[in-house]
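Note that the sequence shown covers residues 0 to 318 in numbering that gives the first Met the number 0.
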Amino acid sequence: MAFTNGKISNLASPSKKLVTILSIDGGGIRGIIPGTILAFLESKLQELDGVDARLADYFDVVAGTSTGGLVTAMLTAPGRDKRPMFAAEEINEFYLENSPSIFPQTCGLLSMLRAVVGPKYNGKYLHSKIQQLLGDTRLHQTLTNIVMPTFDIKLLQPCIFSTLEAKSVPSKDALLSDICISTSAAPTYLPGHYFETKDSEGNKRSFNLVDGGVTANNPTLVAMNSVAKEIFTENQDFFPVKPMDYGKFLVLSLGTGSAKVEERFSVQDSSKWGVLGWLYNKGTTPLVNIFTQGSADMVDIHASVLFQALHCEKNYLRI
Numbered sequence: 000m001a002f003t004n005g006k007i008s009n010l011a012s013p014s015k016k017l018v019t020i021l022s023i024d025g026g027g028i029r030g031i032i033p034g035t036i037l038a039f040l041e042s043k044l045q046e047l048d049g050v051d052a053r054l055a056d057y058f059d060v061v062a063g064t065s066t067g068g069l070v071t072a073m074l075t076a077p078g079r080d081k082r083p084m085f086a087a088e089e090i091n092e093f094y095l096e097n098s099p100s101i102f103p104q105t106c107g108l109l110s111m112l113r114a115v116v117g118p119k120y121n122g123k124y125l126h127s128k129i130q131q132l133l134g135d136t137r138l139h140q141t142l143t144n145i146v147m148p149t150f151d152i153k154l155l156q157p158c159i160f161s162t163l164e165a166k167s168v169p170s171k172d173a174l175l176s177d178i179c180i181s182t183s184a185a186p187t188y189l190p191g192h193y194f195e196t197k198d199s200e201g202n203k204r205s206f207n208l209v210d211g212g213v214t215a216n217n218p219t220l221v222a223m224n225s226v227a228k229e230i231f232t233e234n235q236d237f238f239p240v241k242p243m244d245y246g247k248f249l250v251l252s253l254g255t256g257s258a259k260v261e262e263r264f265s266v267q268d269s270s271k272w273g274v275l276g277w278l279y280n281k282g283t284t285p286l287v288n289i290f291t292q293g294s295a296d297m298v299d300i301h302a303s304v305l306f307q308a309l310h311c312e313k314n315y316l317r318i
């Protein structure tokens, strides 16, 4: 899609339609990194199409996990005049202003004790801030299609929320605030989130969710699969792209950098760890770091090889 004179138009002619996807990894406060990249990208688009241009005008799908989910909501939730609630340049302002309250710093001993008996942070400020920002906005109301992975700890399976599905499955049309709180509920750091929805007949559906980063910290493939699923069902929004025609996909995948934990531990260290050592060690959570970083890298490898195999490696950019 493209934004010209206040209207959205296709980037290419109908015969060469592209499916544009923006994917944003999880990573806590390191969400500032994709925030910086997105602010730069939006400023360049505004130079081409005017100051009212927003990233939501250019992407068919925006996917985000954990902090990436929060960025996704900020870019796509409707504000005044049915335009995005936040400009990309305002994302980092939000992080810098609110992070001290979301992640309050405590002394080493107190922090360790909290990690043993419960989440490191109570999440109250984050929850109230998200609810204040998003209000009663529901998933189907986003200005472009979004995808947010979470994980249901009661069912022990991923729970993917998408605008595309919410339009046809009322029980998945949850409050955007509930989804953002859920995808940000990193184990050991923030408490899980419970909420209920109703289907078209009024039957309740319950969700017991934690951070989607435990299975899809990099949501690129989740987003691509969501689009492929819609193409299979002949969703006209993606016509004439075929289900496996990934050569028509244009994907920008943003990571959140790496925490300073590389080479901090060795196999000699980990061989002595029990449950506590794997869950809390030198101010980090090694087990969570392994799951999130490892899964993100595997997705990048798979996506990169896929686009190379189709001879369209220029259609995929990972930063």
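Note that the Cβ used here is the ideal one computed from N, Cα and C, for glycine as well.
- Under the three-state reduction of DSSP output, tyrosine 315 falls in the strand class.
- For threonine 149, the closest alpha carbon among the candidates Ala185, Lys123 and Asp51 is that of Ala185.
- Runs of the alpha helix (DSSP H) lying entirely within the stretch 238 to 295 and spanning at least 4 residues, in chain order: 266 to 269 and 274 to 278.
- Where threonine 196 is concerned, the enclosing beta strand (DSSP E) starts and stops at 192 to 197.
- Residue nearest to lysine 197 within the set Lys241, Asn216, Leu174 and Val213 is Leu174 (criterion: CA-CA distance).
- DSSP places glutamine 45 within a helical segment (H, G or I) once states are collapsed to three.
- In the DSSP assignment, phenylalanine 85 falls outside any alpha helix (DSSP H), carrying neither H nor E.
- Secondary structure note for phenylalanine 231: its alpha helix (DSSP H) is the uninterrupted segment 219 to 231.
- Counting only runs that start and end inside the stretch 18 to 69, the alpha helix (DSSP H) elements of at least 4 residues fall at 31 to 48.
- Proximity to glycine 191 across Gly212, Phe306 and Asp135 peaks at Gly212, based on C-alpha coordinates.
- In the displayed model, proline 103 falls within coil according to three-state DSSP, outside both helix and strand.
- Separation of the CB atoms of alanine 86 and leucine 220 is rounded to 28 Å, and the pair is thereby denied contact status at 8 Å.
- For the 8 Å CB-CB criterion, threonine 255 and threonine 66 form a contact.
- Here DSSP, grouped into helix, strand and coil, assigns leucine 138 to helix.
- Burial state of threonine 232 is exposed, judged by a 10 Å Cβ sphere holding fewer than 16 other Cβ atoms.
- Annotated three-state conformation of serine 161 is strand, per DSSP.
- For glycine 63, the number of other beta carbons within 10 angstroms of its own is at least 16, and it is reported as buried.
- Taking all protein chains shown into account, proline 103 has fewer than 16 neighbouring C-beta atoms within 10 Å of its C-beta and is therefore exposed.
- When the alpha-carbon of threonine 214 is set against those of Lys81, Gly122, Gln307 and Val298, the nearest one is in Val298.
- With respect to aspartate 151, leucine 208 sits close: the two C-beta atoms are nearer than 8 Å.
- Judged by beta-carbon spacing, threonine 283 lies beyond the 8 Å limit of glycine 25, meaning their Cβ atoms are not closer than that value.
- By the neighbour-count criterion, in which a residue is buried when 16 or more other Cβ atoms sit within 10 angstroms of its Cβ, lysine 171 is buried.
- Rounded to the nearest angstrom, the Cβ distance from threonine 19 to leucine 316 is 12 Å, too far for a contact under 8 Å.
- Around the beta carbon of phenylalanine 206, a 10 Å sphere encloses 16 or more other beta carbons of the protein chains shown; the residue is thus reported as buried.
- About 5 Å separates the beta carbon of leucine 189 from that of proline 118, a gap short enough to meet the 8 Å contact definition.
- Asparagine 217 places its beta carbon less than 8 Å from that of serine 252.
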